[in-house]
Amino acid sequence: MTPRLQLSGIRKAFGATQALGGVSLEVGPGEALAVIGENGAGKSTLMKVLSGAHSPDAGTMLLDGRPYSPADPLEARRCGVAMIYQELNLVQHLTVAENIVLGVEPGRWGWVNRRERRAQAVRVLAELQSGVDPDAPVSALTIAQQQLVEIARALVHEPRVLILDEPTSSLTGVDVEHLFGVLERLRQRGVSLLYISHFLEECQRVCTRFTVLRDGRTVGGGDLASTSLDQVIRWMVGREVKDLYPRTPHEIGAPVLALNALAGREKPRCARFSIRAGEIFGLFGLIGAGRTETLRTVFGLDPVRSGEVQLDGRSETSTTPARRLRAGVALLSEDRKREGLLLNRSIAENLLLTRLHPVSWCGFVRPQAERRTARSWMDQLEVRAQNEHQAIGELSGGNQQKVAFGRLLYHQARVLLLDEPTRGIDVGSKAAIYLRIGQAAAQGRAVVLVSSYIPELLGVCDTIGVMCRGEITAVRPVADWTEHALIAAAIGQSLDIPHA
Amino acid sequence: MTPSSTHLSEWNARLKRLVQIGGPFLGLLLVGLFFALAHDEFGEPARNTVLAARNLKTVLVQTVIVGIGALGMTLVIVAGGIDLSAGSVVACASVFGARLVVAGWPTGGVVLAVIAAGAGVGLLNGTLISVFRLMPFIVTLGSMSIVRGAAKWLGVNQAVSIPRESPVVALMAVNDPDHFLPLPPGVWLMLALGGLTALVLRQSIFGRHIVAVGSNEATARLCGVRVRTTKLAVYALAGLCFGLAGLLQLSRLTQGDPTVAVGLELDMIAAVVIGGASLSGGTGSVLGALVGAFLMALLRNGTSQIGWPNYVQEIIIGLVIILAVGLDKWRQNKRT
Ligand SMILES: Nc1ncnc2c1ncn2[C@@H]1O[C@H](COP(=O)(O)OP(=O)(O)OP(=O)(O)O)[C@@H](O)[C@H]1O
Ligand SMILES: [Mg+2]
Numbered sequence: 001m002t003p004r005l006q007l008s009g010i011r012k013a014f015g016a017t018q019a020l021g022g023v024s025l026e027v028g029p030g031e032a033l034a035v036i037g038e039n040g041a042g043k044s045t046l047m048k049v050l051s052g053a054h055s056p057d058a059g060t061m062l063l064d065g066r067p068y069s070p071a072d073p074l075e076a077r078r079c080g081v082a083m084i085y086q087e088l089n090l091v092q093h094l095t096v097a098e099n100i101v102l103g104v105e106p107g108r109w110g111w112v113n114r115r116e117r118r119a120q121a122v123r124v125l126a127e128l129q130s131g132v133d134p135d136a137p138v139s140a141l142t143i144a145q146q147q148l149v150e151i152a153r154a155l156v157h158e159p160r161v162l163i164l165d166e167p168t169s170s171l172t173g174v175d176v177e178h179l180f181g182v183l184e185r186l187r188q189r190g191v192s193l194l195y196i197s198h199f200l201e202e203c204q205r206v207c208t209r210f211t212v213l214r215d216g217r218t219v220g221g222g223d224l225a226s227t228s229l230d231q232v233i234r235w236m237v238g239r240e241v242k243d244l245y246p247r248t249p250h251e252i253g254a255p256v257l258a259l260n261a262l263a264g265r266e267k268p269r270c271a272r273f274s275i276r277a278g279e280i281f282g283l284f285g286l287i288g289a290g291r292t293e294t295l296r297t298v299f300g301l302d303p304v305r306s307g308e309v310q311l312d313g314r315s316e317t318s319t320t321p322a323r324r325l326r327a328g329v330a331l332l333s334e335d336r337k338r339e340g341l342l343l344n345r346s347i348a349e350n351l352l353l354t355r356l357h358p359v360s361w362c363g364f365v366r367p368q369a370e371r372r373t374a375r376s377w378m379d380q381l382e383v384r385a386q387n388e389h390q391a392i393g394e395l396s397g398g399n400q401q402k403v404a405f406g407r408l409l410y411h412q413a414r415v416l417l418l419d420e421p422t423r424g425i426d427v428g429s430k431a432a433i434y435l436r437i438g439q440a441a442a443q444g445r446a447v448v449l450v451s452s453y454i455p456e457l458l459g460v461c462d463t464i465g466v467m468c469r470g471e472i473t474a475v476r477p478v479a480d481w482t483e484h485a486l487i488a489a490a491i492g493q494s495l496d497i498p499h500a
Numbered sequence: 501m502t503p504s505s506t507h508l509s510e511w512n513a514r515l516k517r518l519v520q521i522g523g524p525f526l527g528l529l530l531v532g533l534f535f536a537l538a539h540d541e542f543g544e545p546a547r548n549t550v551l552a553a554r555n556l557k558t559v560l561v562q563t564v565i566v567g568i569g570a571l572g573m574t575l576v577i578v579a580g581g582i583d584l585s586a587g588s589v590v591a592c593a594s595v596f597g598a599r600l601v602v603a604g605w606p607t608g609g610v611v612l613a614v615i616a617a618g619a620g621v622g623l624l625n626g627t628l629i630s631v632f633r634l635m636p637f638i639v640t641l642g643s644m645s646i647v648r649g650a651a652k653w654l655g656v657n658q659a660v661s662i663p664r665e666s667p668v669v670a671l672m673a674v675n676d677p678d679h680f681l682p683l684p685p686g687v688w689l690m691l692a693l694g695g696l697t698a699l700v701l702r703q704s705i706f707g708r709h710i711v712a713v714g715s716n717e718a719t720a721r722l723c724g725v726r727v728r729t730t731k732l733a734v735y736a737l738a739g740l741c742f743g744l745a746g747l748l749q750l751s752r753l754t755q756g757d758p759t760v761a762v763g764l765e766l767d768m769i770a771a772v773v774i775g776g777a778s779l780s781g782g783t784g785s786v787l788g789a790l791v792g793a794f795l796m797a798l799l800r801n802g803t804s805q806i807g808w809p810n811y812v813q814e815i816i817i818g819l820v821i822i823l824a825v826g827l828d829k830w831r832q833n834k835r836t
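Line by line, the protein sequences give chains C and H. Counting along the first sequence from 1, when you hit position 305 you're at 305 in this note's numbering, and nothing is skipped either side. Add 500 to the 1-based position in the second sequence for this note's numbering, that's all there is to it.
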């Protein structure tokens, strides 16, 4: 049987960066292949080459034995290669249905057949069992729903190869299960899957084989079932990662931040918890439970409707992000493309933006000092880039995230509000970020960690609170939580079910 | 990365930056080269006329008004906005200044009042845009008309002349037309202000905030930038530049004419864009904008000197603008 897709010797350089230096891989029909690698290893670039967004400098691609070289993503889609990008790519002003068929609108002579369009959208949305309204504008959807729309868009054209670049990074449990169900059905229909994820457990669920990229080269691969995760990680990182959740001993001190029945515009409806200096407080919940909104309200990005936020025992009636930052409270946004970063500006600018005073003199930034500071932080955070002047939009997703997180550390915030801080970050770098969170706590900083990844919450937090429909329903020390109990609490079941 | 490849990437980054700032200079070089080779309708080489020092002086003087306006426009465009009222403000400021001179105000008072009036208009634009969150395009389209009307009202529908002896006229007076130096004070003003604006935009904390707001407003807010204040300040500063440009307009024409400078804002925008700015905000170069203004003045002056008809000039300027944007796009595509 000819393989569905066969790549050999693919190379691609961006200026002086050799993103891909000879990659080869093969997938059969109905097979799922996991593509694994560190941040900046070249996974996304490889997939963009496959989906026609980039053209390779060298190498050959065969699709069902025939040469394949798409000029653009549309042609790739027509050939049956569909891709779900790491970053969301939806047109915010259009409706869900319009987005789903964008570029492949049904109709004649340039007129869209609206009924047919809606029917197609409804069909794929039903296939996903998503419950997303096809007539809603995309801007009104949550990130998880938008992700589902992206997936729906890939399915419209009956793909032969479906590429998923970190599709679960903004989904929680139930949605992930949905997705896996859909992927399994697609696979049985003979669709080949290329699956990129930094969650190796997920790769094991979805895929049978894997291939590992490092520095733009294929360094290993095999059957997931017969290879230990340690081995995979060793290939990926090039060294041993001993402890995935390193803990730094830290002491818990005086209360810093307290929320008293805080209510925001829609959510949170009633958030109540307090954190102390040196405490790592985890916040778990389903997508839409109001965790992000809680952080935003605390930070002054969203208005407070009722209740109060106390910082060091004092409460301010209205606040702004600027005031919060001056008081030492900083927020890491979950959406780095829309809100977290200035994508067309340099790494240095992004890193230092909230605290320019130490590198400036009389209101003017000193270029030397700026460069030196930015460099030292990039080294500490192990950001992979050409230099500190590179536009941050050119970095790989994980490296962008490191810079976004680094900004809070550079700001020397006393209270760190982290919304999905390890989204899109590879195993080795995740451990480094946990280490940093632990160190911050050891220095007496308070950390609020919003995450949908339970092992991470259980691994690094001191206390975990669960949000359900806009309210904090349970707060307990980490030792009293199990994965099962967290999920039960998040979906609003009684907490006293027996531990699994 | 191996040492040699880091070296290469350093070089590459340097080259990119060179192209980034060098873009408009490259255009200027090409236009200069063209006039160095061209001949006018009588067979006289243009390098002796267009590129003669005395003519370049004229071109510089012709650049000043658009150039100073382009400084303000650069700030606005980098902050992600646009100001269409610039031309009207220039006209209104010139009439206002003329009335003050005629009324016997001292020169210092006239200068301050005119600049303050320009800044005032900018502040109003800025308030509507940042506090009431209206679209900059629409707000300034409205104020363009309002301010033009105000200019005509101030001038009672006609130009207000000022005496040639007024010190205001000296700002743009060309004393020794046969030599490049001395340049009129207006030219030095433009260069000094250009240097200052460039420094502020590139190196000051305020400048970083302007860029941040233009690049991504949500991110700027998240990073504690006071978005409203920044925008307000940007429009006020731009208005200040336009007011100053109006004063120089008055100096040059020795009269405040409410009907001049129609469409001048588009020249300013063109200069900014030729200078490498993106209308979606977040990037732009002050130096580039000045070069862009000079380039357009040189094209206008040069083509008419070699006897090309007016319509050819207009077509060429249009092409240059599109070319500049196209070049920019191409350069960005190179990177991805
Ligand atoms: N448009 C671009 N311009 C310049 N360099 C780029 C561009 N896109 C990617 N790169 C570089 O290519 C390398 C590979 O990036 P890529 O996005 O493929 O990594 P990745 O494996 O997907 O990482 P992650 O897990 O963080 O998403 C990185 O060093 C990145 O900086
Ligand atoms: Mg990637």
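A virtual CB, placed ideally from N, CA and C, is assigned to each residue, including glycine.
What do you reckon, are the CB atoms on G649/H and A761/H nearer than 9 Å? Within the second sequence, the letter at position 149 stands for residue 649/H. Within the second sequence, the letter at position 261 stands for residue 761/H. Not closer than 9 Å, so no.
Distance between beta carbons of G300/C and Q86/C, contact taken as under 8 Å
Here residue 86/C refers to the residue found at position 86 of the first sequence. Here residue 300/C refers to the residue found at position 300 of the first sequence. That pair is no contact at about 30 Å.
N555/H versus G543/H - alpha carbon distance: Taking the first residue of the second sequence as 1, we reach residue 555/H at position 55. Taking the first residue of the second sequence as 1, we reach residue 543/H at position 43. About 18 Å.
Residues around ligand 1, please: the ones whose beta-carbon is closer than 5 Å to some heavy atom of it, in chain order. F14/C, T17/C, A19/C, N39/C, G40/C, A41/C, G42/C, K43/C, S44/C, T45/C, E394/C, L395/C, S396/C, G397/C, G398/C and T836/H
Let me see if you follow: with CB-CB separation under 9 Å, is G782/H close to chain C or not?
As a position in the second sequence, residue 782/H is number 282, starting the count at 1. Yes, G782/H counts as interfacial toward chain C.
Exercise for review: Quick one: grab the DSSP three-state call for L851/H.
Suggested key: The question about residue 851/H has no answer here: the residues shown for chain H are numbered 501 through 836.
I need the straight-line Cα distance from E177/C to E166/C, nearest angstrom please. Indexing the first sequence from 1 puts residue 177/C at position 177. Indexing the first sequence from 1 puts residue 166/C at position 166. So the alpha carbons of these two residues sit roughly 15 Å apart.
Quiz item: Do you know offhand how far L244/C's Cα is from A431/C's?
Solution: Position 244 of the first sequence holds residue 244/C. Position 431 of the first sequence holds residue 431/C. Their Cα atoms are separated by approximately 5 Å.
*Mind checking whether the beta-carbon of E150/C lies closer than 8 Å to any heavy atom of ligand 2?*
Against the first sequence, residue 150/C aligns to sequence position 150. Checking the Cβ of E150/C against ligand 2 gives no.
ask   = What residues in its chain sit with their C-beta under 6 Å from that of G492/C, if we drop five residues either side in the sequence?
value = Taking the first residue of the first sequence as 1, we reach residue 492/C at position 492. Correct list, in chain order: C468.
Inset, instruction - Taking the CB atoms as reference points, tell me whether G618/H and A598/H lie closer together than 9 Å. - result: Stepping through the second sequence from its first residue, residue 618/H is reached at position 118. Stepping through the second sequence from its first residue, residue 598/H is reached at position 98. Contact flag unset, no.
* To do: Drop a sphere of 10 angstroms on the beta-carbon of D757/H, count the other beta-carbons inside from all chains shown, and report buried for 16 or more, exposed for fewer.
  => Position 257 of the second sequence holds residue 757/H. By the 10 Å Cβ count, D757/H comes out buried.
Reduced DSSP secondary structure (H/G/I, E/B, other) of E839/H: Chain H is shown only over 501 to 836; residue 839/H falls outside these bounds and no answer can be derived.
What's the C-alpha gap between G792/H and Y410/C? Residue numbering aside, residue 792/H sits at position 292 when the second sequence is read from its first letter. Residue numbering aside, residue 410/C sits at position 410 when the first sequence is read from its first letter. Spanning the two alpha carbons is a distance of roughly 39 Å.
Proximity to R547/H [Cα-Cα], best of L533/H, K829/H and V559/H: The residue labelled residue 547/H in the question sits at position 47 within the second sequence. Among L533/H, K829/H and V559/H, the Cα nearest to that of R547/H belongs to L533/H.
Which whole-angstrom value is the C-beta distance of M468/H and G567/H, which I expect to be below 8 Å? The shown model of chain H, from 501 to 836, leaves out residue 468/H, and the question about it has no answer.
Query raised in the report: DSSP state of N260/C, grouped into three classes?
Result: On the first sequence, position 260 is the one that residue 260/C refers to. Reduced to three states, the DSSP call for N260/C is strand.
Taking the beta carbon of K829/H as the centre, do at least 16 other beta carbons fall within 10 Å, making it buried, or is it exposed? The count along the second sequence starts at 1 and reaches residue 829/H at position 329. It is exposed - the Cβ of K829/H has fewer than 16 other Cβ atoms within 10 Å.
Buried or exposed (CB count within 10 angstroms, at least 16 for buried), F637/H:
As a first step, residue 637/H is located in the second sequence; it is residue number 137 there, counting from the start. Counting Cβ neighbours within 10 Å, F637/H comes out exposed, since fewer than 16 surround it.
Item to complete: Express the C-alpha separation of G428/C and V237/C in angstroms, rounding to a whole number.
Response: One-based indexing of the first sequence puts residue 237/C at position 237. One-based indexing of the first sequence puts residue 428/C at position 428. Going by the C-alpha atoms only, they are around 7 Å apart.
Cα-Cα separation, P246/C to Q443/C: Along the first sequence, read from residue 1 onward, the residue named residue 246/C stands at position 246. Along the first sequence, read from residue 1 onward, the residue named residue 443/C stands at position 443. Distance between the alpha carbons of P246/C and Q443/C is about 16 Å.
Original post:
Expressed to the nearest angstrom, what Euclidean distance is found between the alpha-carbon atoms of G694/H and A603/H?
Top reply: Translated into positions along the second sequence, residue 694/H becomes position 194. Translated into positions along the second sequence, residue 603/H becomes position 103. Each residue's alpha carbon lies about 32 Å from the other.
In angstroms, rounded to a whole number, what distance separates the CA positions of G572/H and G622/H? Residue numbering aside, residue 572/H sits at position 72 when the second sequence is read from its first letter. Residue numbering aside, residue 622/H sits at position 122 when the second sequence is read from its first letter. Roughly 10 Å separates the two Cα atoms.
Practice item. Please compile the residues from chain H whose C-beta is within a distance smaller than 7 Å of the C-beta of L341/C. Key: Here residue 341/C is taken as the residue at index 341 of the first sequence, counted from 1. Here the neighbours are T719.
Less than 9 Å between CB atoms is the rule here; does S704/H satisfy it with respect to chain C? Taking the second sequence and counting its residues from 1, one reaches residue 704/H at position 204. Yes, contact with chain C.
*Can you give me the Cβ contacts of C270/C inside the same chain, cut-off strictly under 8 Å, excluding the 5 residues immediately before and after it?*
Translated into positions along the first sequence, residue 270/C becomes position 270. So the qualifying residues of the chain are A261, L262, A263, G307, G470, E471 and I472.
* Which residue or residues does DSSP assign as beta-bridge partners of Y195/C? -> Mapped onto the first sequence, residue 195/C falls at position 195. Y195/C pairs with A34/C and L164/C.
Q.
Any heavy atom of ligand 2 inside 8 Å of the beta-carbon of G510/C?
A. Look at the range of chain C in this structure, 1 to 500, and you will see that residue 510/C is not part of it.
What are the boundary residues of the alpha helix (DSSP H) that includes S804/H? The residue you call residue 804/H lines up with position 304 of the second sequence. It spans V786 to Q805 - the alpha helix (DSSP H) in which S804/H sits, taken as one unbroken run.
* To do: Can you tell me which of G580/H, V611/H, D678/H and P524/H puts its alpha carbon nearest to the alpha carbon of L727/H?
  => As a first step, residue 727/H is located in the second sequence; it is residue number 227 there, counting from the start. It should be noted that the sequence gives Val, not Leu, for residue 727/H. Nearest of G580/H, V611/H, D678/H and P524/H to V727/H, Cα basis: G580/H.
Worksheet item: Within 9 Å (strictly less), CB to CB, does F364/C reach chain H?
Response: Along the first sequence, one-based indexing puts residue 364/C at 364. F364/C counts as touching chain H.
* **Start-to-end residues for the alpha helix (DSSP H) that takes in A327/C** => Along the first sequence, read from residue 1 onward, the residue named residue 327/C stands at position 327. No alpha helix (DSSP H) holds A327/C; DSSP gives it neither H nor E.
Practice prompt. Quick one: using the 10 Å Cβ neighbour count with 16 as the cut-off for buried, is E349/C buried or exposed?
Written response: Reading the first sequence from its first residue, position 349 is the one you call residue 349/C. Its Cβ being crowded by 16 or more others within 10 Å, E349/C is buried.
Any chance the segment 744-756 of chain H sits against the segment 659-675 of chain H, with 3 or more Cβ pairs inside 8 Å? yes
Given this structure, state the Cα-to-Cα distance separating C461/C from A258/C, to the nearest angstrom.
The count along the first sequence starts at 1 and reaches residue 461/C at position 461. The count along the first sequence starts at 1 and reaches residue 258/C at position 258. Using only the alpha carbons, I get a separation of about 18 Å.
Can you list, in chain order, the residues of its chain with a C-beta nearer than 7 Å to that of A651/H? Leave out the 5 residues immediately preceding and following it. Along the second sequence, read from residue 1 onward, the residue named residue 651/H stands at position 151. Contacts found: S588, A591, C592, V595 and P758.
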